[in-house]
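For reference, the structure is listed below as structure tokens.
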Amino acid sequence: DVIDVRALTAEGRYTFDPGFMSTASCESAITFIDGEKGVLLHRGYPIEQLAENSDYLETCFLLLYGELPTAEQKEKFVNTVKSHTMAHEQLKNFFNGFRRDAHPMAIMCGVVGALSAFYHDSLDINDYKHREISAIRLIAKIPTIAAMCFKYSKGEPMIYPRNDLGYSENFLHMMFSTPCDGPTPKISPVLAKAMDKIFILHADHEQNASTSTVRLAGSSGANPFACIAAGIAALWGPAHGGANEAVLTMLEEIGDVSNIDKFIAKAKDKNDPFKLMGFGHRVYKNFDPRAKVMKQTCDEVLAELGINDPQLELAMKLEEIARNDPYFKERNLYPNVDFYSGIILKAIGIPTSMFTVIFALARTVGWISHWKEMLAGPYKIGRPRQLYTGKAQRNYVEIDKR
Ligand code: ACO
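Residue numbers (UniProt numbering): 28 to 429.
Structure (structure tokens):
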């Protein structure tokens, strides 16, 4: 009676591809990656050009609608997003249910999922207008919710969005202003620009774990807020979006340049689970083009703030040693985008626990663009098979006979 599933697989009924190393789960026109050459294009435009010349909301428009906006389209889009930045007042009550020391990603999973309880006019996934308004709401409200997480953790009053400010400037305002400040202190344009670049560099990255999660959740017909909450949960893991937080924790653990060799040896030891956080990528096997832009931004921010950060020195030394080490060379392990983003965020004054939240904020547009793309075309519910390795069929045994 043995069901030989291995034989079924061998017969070609389905393929066995753990980690989806060589399986394309969908067709998509949003993002192209050539991992060997270190190329990343959004709707055909190189990430380096977007980071240099575009701004985050323009990049959002590009990802969502496929083309760069005209001046008129851009103004309309920016104004529409700005008109949705307020979070429902009752949403504030959710925060009081969390401990002050809760991880902000735990709060994000709950509060973003709860948006579906507030915006009933954007839940019908078969209605184009509902899909549009939910996309705008998510892009507009997630920075507000992210800043609310931060303020809650500090025990400070939450700050309302200011729609006369740009997207990134407003985010920094909600994070760092206090009601006692009087007029909002001027946010440094260099820091606002750096924040905007971080958002652009994280905006989309085709079928990574969190985006695939959003598509899979969406394929069942789940509402957009539930799907994005699922994406946030998947992003939290240290092998994915949690890596930027893990990089800083690792640098703190290494502590001093003199300890680098010891940690490099740990990373190479197959009996030790330790990995160099911020190194390696499933797709990039040459270099991560986002890391190059991020490193340059890192230099600009530290120069603007006049920071001589010993942790940055440590990071640079670590990178240099790893770059010349045969173990890392043979396996094509290069610093990824998360290696530098943590250093910039720390310099801006954002605490480590908020790093992955910033990533989630930026990636929301990628998730929602993929969700919209999927719903706009023919799709099937995502339902992979498995390679069964359990018991063969057997008969139930009464409890007194076991
Ligand atoms: N430190 C030490 N060794 C590593 C590292 C690392 N950071 N990354 C990979 N390796 C080794 C593996 O042990 C493996 O060695 P082996 O061939 O001797 O068994 C080899 O390099 C290949 O690695 P895999 O784990 O098979 O690569 P995979 O594509 O499955 O994993 C991943 C990619 C998850 C990103 C991995 O490199 C990693 O864990 N890096 C650290 C975490 C990190 O920075 N994540 C951020 C990813 S980018 C992002 O989400 C924006």
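Where a beta carbon is used, it is the ideal one built from N, C-alpha and C, also for glycine.
Indicate, with yes or no, if the ligand ACO has a heavy atom lying under 7 Å from the CB of residue i.
i: Lys322; result: no
i: Lys302; result: yes
i: Arg126; result: no
i: Ala294; result: yes
i: Gly46; result: yes
i: Val108; result: no
i: Leu360; result: yes
i: Phe306; result: yes
i: Asn363; result: yes
i: His130; result: no
i: Gly93; result: no
i: Gly268; result: yes
i: Arg309; result: yes
Could you tell me the boundaries of the alpha helix (DSSP H) in which residue i lies?
i: Asp365; result: 364-375
i: His200; result: 194-203
i: Val384; result: 382-403
i: Thr86; result: 83-92
i: Ala339; result: At residue 339 the sequence reads Leu, which differs from the Ala that was named. Note, Leu339: alpha helix (DSSP H), 337-350.
i: Val139; result: 131-141
i: Leu77; result: 74-80
i: Asn106; result: 98-109
i: Ile160; result: 155-181
i: Met321; result: 316-332
i: Tyr354; result: 353-357
i: Leu118; result: 118-123
Can the beta-carbon of residue i be found less than 8 Å from the beta-carbon of residue j?
i: Leu275; j: Gly369; result: yes
i: Met113; j: Thr171; result: yes
i: Ile169; j: Val139; result: yes
i: Cys325; j: Ile371; result: yes
i: Val66; j: Leu84; result: no
i: Glu75; j: Val364; result: no
i: Ser237; j: Ala273; result: no
i: Ala374; j: Val328; result: yes
i: Phe252; j: Ser161; result: yes
i: Tyr179; j: Phe122; result: yes
i: Leu402; j: Gly245; result: yes
i: Gln234; j: Ser49; result: no
i: Pro184; j: Ser380; result: no
i: Cys87; j: Val392; result: yes
i: Met201; j: Ala174; result: yes
i: Lys312; j: Gly62; result: yes
i: His115; j: Val241; result: no
i: Phe306; j: Tyr361; result: yes
Span of the beta strand (DSSP E) holding residue i?
i: Phe59; result: 58-61
i: Leu68; result: 66-69
(message) Just to confirm the assignment: which complete alpha helix (DSSP H) runs, minimum length 4, are found wholly within the segment 225-311?
(response) Counting whole runs of 4 or more residues, the segment 225-311 contains the alpha helix (DSSP H) stretches 236-246, 251-262, 270-281, 287-295.
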